[in-house]
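Enquirer: Pasting a structure here, questions to come.
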Amino acid sequence: MGKGSWKKRRRYAALLLAFGLLAGCGAGAGGEGDGGLGDERTWAAGSGELSSRIGNPDNAVSAPANDAGNIAAEEWWTLAGYGQPTGKWFLQDGAGHLGYGLTAGTHRPGDAVTVELFAHEADFRLDRDIRIRLTELTDELEPAAVILDTIVHAGPVGSHEVVYTGTLPDKLNALYVLGAEIVGEDGGTEDTRAALIRVPAPEINASVRLDRTVYGSGEETAVLAVMNAGPTVLTFGVDYHIEKKVDGEWRIVPLDLAFDSIGLMLQPGQQHELKVHLGGLGPGEYRVVKPLRAEGLDLTAELAAEFTIES
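Now the structure itself:
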């Protein structure tokens, strides 16, 4: 083989190599996802049409929107017309004899309300009257109307005794306190337990928004605010997922995100901020998708806040 022929072949091989590199770069440019996450056109389909709002988040509902969940029990018990627990009968700080269960939390109109006792001692006898009260409260947690005021008698108490069963009134956006007071032989109250019951309209009125709508490709964190306009209490974790608009369709970005198992409760009229990790996202249109649930009710929602990352 002559020198001229060898040089021609080397030049031809170099051209083929260069062409191959260019072709390889061109093939990856249109479909490779952010940060080596694969072909974004093959990512799982997103959640479809979503909004940053549900219901009417601009008009916060006041009832039963109160901060009772954040008020110490000894404070709202007094406001609601109850004395403090003593530990004489109900278990409290190592004292007492009886476990207890009172209906509490979020419920629907007509749901059952119960008062239960649990004895931890064999052949235990209480031999006391128990005053059961169900009272509607104002937004200030003060008595508004007495729904029920009755006396039941408890003699021997086993491992599980239902001492009272009733139903909630047929009313929405109401707040109640259910109380059980053990009455002594002299007619005075020897021990007390009480629980709050919310009966909101079964709906979610909420919204989400980011601190900005445009971020740079090098930014690591965004802040997502969740606003609850009530009347239900919202429950959620710190989890979320991010979707990217690919060829006009939302697809889930397969980020390797880990979240702490934290349960949050957001009262009506309040908001909570969550940190959102943006690391590894390239330029494009995105949205943060946040799942929400109404506490105590079979109501869920997914809200999305859109944003753009620019190079």
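For what it's worth, numbering that gives the first Met the number 0 labels the leading residue of the sequence shown as 0, then goes sequentially.
We put the beta carbon where it would ideally sit given N, CA and C, even for glycine.
Since this is a predicted model, take the numbers as computed values, not measurements.
#1: Tell me the DSSP secondary structure of residue 74 in three-state form.
#2: From residue 268 to residue 205, what distance separates their C-alpha atoms?
#3: Taking just the CA atoms, how far does residue 244 sit from residue 219?
#4: Use the C-beta contact count for residue 83: other C-beta atoms within 10 angstroms, 16 or more gives buried, fewer gives exposed.
#5: If you draw a straight line from the alpha carbon of residue 172 to that of residue 264, how long is it in whole angstroms?
#6: Quick check: the Cα distance between residue 78 and residue 101, rounded to an integer number of angstroms?
#7: Decide yes or no for the touch test of the stretch 39-47 against the stretch 148-159: beta carbon pairs closer than 8 Å, at least 3 of them.
#8: Buried or exposed: which applies to residue 134, given that a residue is buried once 16 or more other Cβ atoms fall within 10 Å of its Cβ?
#9: Classify residue 150 as buried or exposed, calling it buried when 16 or more other Cβ atoms lie within 10 Å of its own Cβ.
#10: Hey, is the stretch 171-186 in contact with the stretch 111-131, meaning 3+ C-beta pairs nearer than 8 Å?
#11: What residue range does the beta strand (DSSP E) around residue 204 cover?
#12: Considering residue 270, what are the terminal residues of the beta strand (DSSP E) in which it resides?
#13: Is DSSP giving residue 281 helix, strand or coil here?
#14: Measuring straight from C-alpha to C-alpha, what distance separates residue 224 and residue 200?
#15: On the criterion of 16 or more Cβ atoms from any shown chain inside 10 Å, does residue 274 qualify as buried, or is it exposed?
#16: Anyone know if the C-beta pair for residue 35 and residue 202 falls short of 8 Å?
#17: Please go through the same chain and pick out, in chain order, the residues whose beta-carbon is closer than 8 Å to the beta-carbon of residue 188, but skip the five residues on each side of it.
#18: Using the rule of at least 16 other Cβ atoms within 10 Å of the residue's Cβ for burial, across every protein chain shown, is residue 211 buried or exposed?
#19: Would residue 111 be called buried (16 or more neighbouring beta carbons within 10 Å of its own) or exposed?
#20: Give the secondary structure of residue 187 by DSSP, where H, G and I count as helix, E and B as strand, and everything else as coil.
#21: Following the continuous beta strand (DSSP E) through residue 258, name the residue where it begins and the one where it ends.
#22: With respect to the beta strand (DSSP E) encompassing residue 214, which residues constitute its N-terminal and C-terminal limits?
#23: Buried or exposed: which applies to residue 124, given that a residue is buried once 16 or more other Cβ atoms fall within 10 Å of its Cβ?
#24: To the nearest angstrom, how far is the alpha carbon of residue 303 from that of residue 216?
#25: Please give me, in chain order, every unbroken run of the beta strand (DSSP E) with length at least 3 that falls completely inside the stretch 104-185.
#26: So, with DSSP's three-state summary, where would you put residue 100?
#27: Taking the CB atoms as reference points, tell me whether residue 44 and residue 192 lie closer together than 8 Å.
#28: Judging by CA-CA distance, which residue of 46, 108, 235, 237 is the nearest neighbour of residue 170?
#29: Compute the distance between the beta-carbons of residue 209 and residue 222, then report whether it is under 8 Å.
#30: Work out the CA separation of residue 299 and residue 146 for me, nearest whole Å.
#31: Write down the C-beta distance between residue 280 and residue 308 rounded to the nearest angstrom, noting that I regard them as a contact closer than 8 Å.
#32: Going by DSSP in three states, residue 39 sits in which element: helix, strand or coil?
Expert: Answer, in terms of the structure:
#1: What you label residue 74 is simply residue 75 of the sequence shown in a count that begins at 1. Helix, per DSSP.
#2: If you number the sequence shown from 1, residue 268 lands on position 269. If you number the sequence shown from 1, residue 205 lands on position 206. Approximately 10 Å between the Cα atoms of the pair.
#3: Your numbering for residue 219 matches position 220 in the sequence shown. Your numbering for residue 244 matches position 245 in the sequence shown. Roughly 20 Å between the two C-alpha positions.
#4: Numbered from its first residue, the sequence shown carries residue 83 at position 84. Exposed, by the Cβ-count rule.
#5: Here the question's residue 172 lines up with position 173 in the sequence shown. Here the question's residue 264 lines up with position 265 in the sequence shown. For residue 172 and residue 264, the distance between alpha carbons rounds to 18 Å.
#6: Here the question's residue 78 lines up with position 79 in the sequence shown. Here the question's residue 101 lines up with position 102 in the sequence shown. Those two C-alpha atoms are separated by around 19 Å.
#7: no
#8: To locate residue 134, count along the sequence shown from 1; it is residue 135. Residue 134 should be labelled buried.
#9: Position 151 of the sequence shown, counted from the first residue, corresponds to residue 150. That one is exposed.
#10: yes
#11: Looking up residue 204 in the sequence shown gives position 205. Where residue 204 is concerned, there is no enclosing beta strand (DSSP E), given that its DSSP letter is neither H nor E.
#12: As a position in the sequence shown, residue 270 is number 271, starting the count at 1. It spans 270-276 - the beta strand (DSSP E) in which residue 270 sits, taken as one unbroken run.
#13: Here residue 281 is taken as the residue at index 282 of the sequence shown, counted from 1. DSSP places residue 281 in coil when its eight states are reduced to three.
#14: For the purposes of this step, residue 224 is identified with residue 225 of the sequence shown, where counting begins at 1. For the purposes of this step, residue 200 is identified with residue 201 of the sequence shown, where counting begins at 1. When rounded, the distance between both Cα atoms is 24 Å.
#15: Position 275 of the sequence shown, counting from 1, holds the residue named residue 274. Residue 274 is exposed by the Cβ-count criterion.
#16: The residue labelled residue 35 in the question sits at position 36 within the sequence shown. The residue labelled residue 202 in the question sits at position 203 within the sequence shown. Cβ atoms of residue 35 and residue 202: not closer than 8 Å.
#17: Walking along the sequence shown from the start, residue 188 turns up at place 189. Correct list, in chain order: 82, 130, 180, 181, 182.
#18: Along the sequence shown, one-based indexing puts residue 211 at 212. With fewer than 16 Cβ atoms within 10 Å of its Cβ, residue 211 is classed as exposed.
#19: Translated into positions along the sequence shown, residue 111 becomes position 112. Exposed, by the Cβ-count rule.
#20: The count along the sequence shown starts at 1 and reaches residue 187 at position 188. Here residue 187 sits in coil by DSSP.
#21: As a position in the sequence shown, residue 258 is number 259, starting the count at 1. Run containing residue 258: none; DSSP gives neither H nor E here.
#22: Position 215 of the sequence shown, counting from 1, holds the residue named residue 214. Run containing residue 214: 213-215, per the beta strand (DSSP E) assignment.
#23: Position 125 of the sequence shown, counted from the first residue, corresponds to residue 124. Exposed, since its Cβ has fewer than 16 Cβ neighbours within 10 Å.
#24: In the sequence shown, counting from the first residue as 1, residue 303 sits at position 304. In the sequence shown, counting from the first residue as 1, residue 216 sits at position 217. For residue 303 and residue 216, the distance between alpha carbons rounds to 20 Å.
#25: 111-118, 123-136, 142-156, 160-166, 173-182
#26: On the sequence shown, position 101 is the one that residue 100 refers to. In the structure shown, residue 100 sits in a strand (DSSP, three-state: E or B).
#27: Along the sequence shown, read from residue 1 onward, the residue named residue 44 stands at position 45. Along the sequence shown, read from residue 1 onward, the residue named residue 192 stands at position 193. It is not a contact, given that the beta carbons lie outside the stated cut-off.
#28: Locating residue 170 in the sequence shown gives position 171, where the first residue counts as 1. Ranking the options by Cα distance to residue 170, first place goes to 108.
#29: In the sequence shown, counting from the first residue as 1, residue 209 sits at position 210. In the sequence shown, counting from the first residue as 1, residue 222 sits at position 223. Cβ distance < 8 Å, so residue 209 and residue 222 count as in contact.
#30: Residue mapping note: residue 146 aligns to position 147 of the sequence shown, counting from 1. Residue mapping note: residue 299 aligns to position 300 of the sequence shown, counting from 1. In a straight line, the C-alpha of residue 146 is about 31 Å away from that of residue 299.
#31: Numbered from 1 along the sequence shown, position 281 holds the residue referred to as residue 280. Numbered from 1 along the sequence shown, position 309 holds the residue referred to as residue 308. About 5 Å; that satisfies the 8 Å criterion.
#32: If you number the sequence shown from 1, residue 39 lands on position 40. Helix.
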